[in-house]
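Have a look at the structure below before the remarks.
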Amino acid sequence: MTDRVRNAACRCGQIRVACVGEPIRVSVCHCRECKARSGSAFAAQVRFPAEQVRIDGGAEAKMWQYTGDSGNIADFFFCGTCGSGVWYRARPYHDAYAIPLGNFEPGHSFVPDYSVYEGRQEPWVSITGEAIEHYD
Ligand SMILES: [Zn+2]
Ligand SMILES: [Zn+2]
């Protein structure tokens with residue numbers, strides 16, 4: 064594992080997230096929930112083990128808890144000032160912090176490993192790359 068540190072932040076900069084080393088997984092998701100969360104056609108997120116994540120300004124984060132149809136609970140944290148999502152925890156990766164890829168500073172070099180819920184993918188979206196696993 065490297066000691067590389069990648070920094071993410073909400074738009075107003077009040078909440079900063081530093082991630083050490085390499086992530087568990089980088090994924091894009093086309094589900095309805097992720098579309099609504101990100102406000103975009105799909106969402107991209109980077110998951111790190113909790114012990115590799117340092118949060119500065121986290122007291123300003125608000126939480127919204129969501130229980131999916133499956134009964135799985137997810138905790139979503141967002142900046143109370145600017146509204147950016149800053150991290151969430153969801154099963155089956157509840158011990159990990161999922162951080163929106165777009166919150167990271169340029170040069171992060173994250174590339175998705177997985178593209179999931181492609182059955183709900185917008186018809187004009189195409190996720191490409193040789194190492195990407197695709198799931199409906
Ligand atoms: Zn903010
Ligand atoms: Zn999703």
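In short: position in the sequence shown from 1, add 63, done, that's this note's numbering. Note that beta-carbon positions come from the ideal geometry of N, C-alpha and C, so glycine has one too.
Open item on the list: Report the CB separation of P175 from S90 in whole angstroms; it is logged as a contact under 8 Å.
Closed with: To locate residue 175, count along the sequence shown from 1; it is residue 112. To locate residue 90, count along the sequence shown from 1; it is residue 27. Rounded, the Cβ-Cβ distance is 6 Å, consistent with contact.
Open item on the list: Does the distance between the C-beta of S172 and the nearest non-hydrogen atom of ligand 1 fall short of 7 Å?
Closed with: Within the sequence shown, numbered from 1, the residue matching residue 172 stands at position 109. Answer for S172: no, Cβ out of range of ligand 1.
TODO: Using a threshold of 8 Å, state whether the C-beta atoms of I195 and S178 are closer than that.
DONE: Stepping through the sequence shown from its first residue, residue 195 is reached at position 132. Stepping through the sequence shown from its first residue, residue 178 is reached at position 115. Yes. Within cutoff.
- [ ] In angstroms with no decimal places, state the Cα-to-Cα distance between G25 and R74.
- [x] This structure gives no information on residue 25, because the portion of the chain shown stretches from 64 to 199.
- [ ] Using the Cα positions of W187 and G148, report the straight-line distance between them to the nearest angstrom.
- [x] Here residue 187 refers to the residue found at position 124 of the sequence shown. Here residue 148 refers to the residue found at position 85 of the sequence shown. Spanning the two alpha carbons is a distance of roughly 25 Å.
Task: Inter-residue spacing [alpha-carbon to alpha-carbon] between W150 and D199 - done: On the sequence shown, residue 150 is found 87 positions in, with the first residue counted as 1. On the sequence shown, residue 199 is found 136 positions in, with the first residue counted as 1. Taking the straight line from one Cα to the other gives about 24 Å.
Task: Beta-carbon gap between F105 and A159 smaller than 8 Å - done: Position 42 of the sequence shown, counted from the first residue, corresponds to residue 105. Position 96 of the sequence shown, counted from the first residue, corresponds to residue 159. Cβ distance not < 8 Å, so F105 and A159 don't count as in contact.
- [ ] Helix, strand or coil for C5, going by three-state DSSP, please let me know.
- [x] With the chain covering only 64 through 199, there is no way to say anything about residue 5.
- [ ] State yes or no: is the C-beta of E123 within less than 8 Å of the C-beta of T144?
- [x] Residue numbering aside, residue 123 sits at position 60 when the sequence shown is read from its first letter. Residue numbering aside, residue 144 sits at position 81 when the sequence shown is read from its first letter. Yes, the pair counts as a contact, with Cβ atoms nearer than the cut-off.
- [ ] Decide if Y77 is buried, meaning its Cβ has at least 16 other Cβ atoms within 10 Å, or exposed.
- [x] Here residue 77 refers to the residue found at position 14 when the sequence shown is read from its first residue. For clarity, residue 77 is Gln in the given sequence; the question names Tyr instead. By the C-beta density criterion, Q77 is buried, having at least 16 other C-beta atoms within 10 angstroms.
TODO: Assign Y180 to buried or exposed, taking buried as 16 or more other Cβ atoms, counted over all protein chains shown, within 10 Å of its Cβ.
DONE: Within the sequence shown, residue 180 is the residue found at index 117, counting from 1. Label assigned to Y180: buried.
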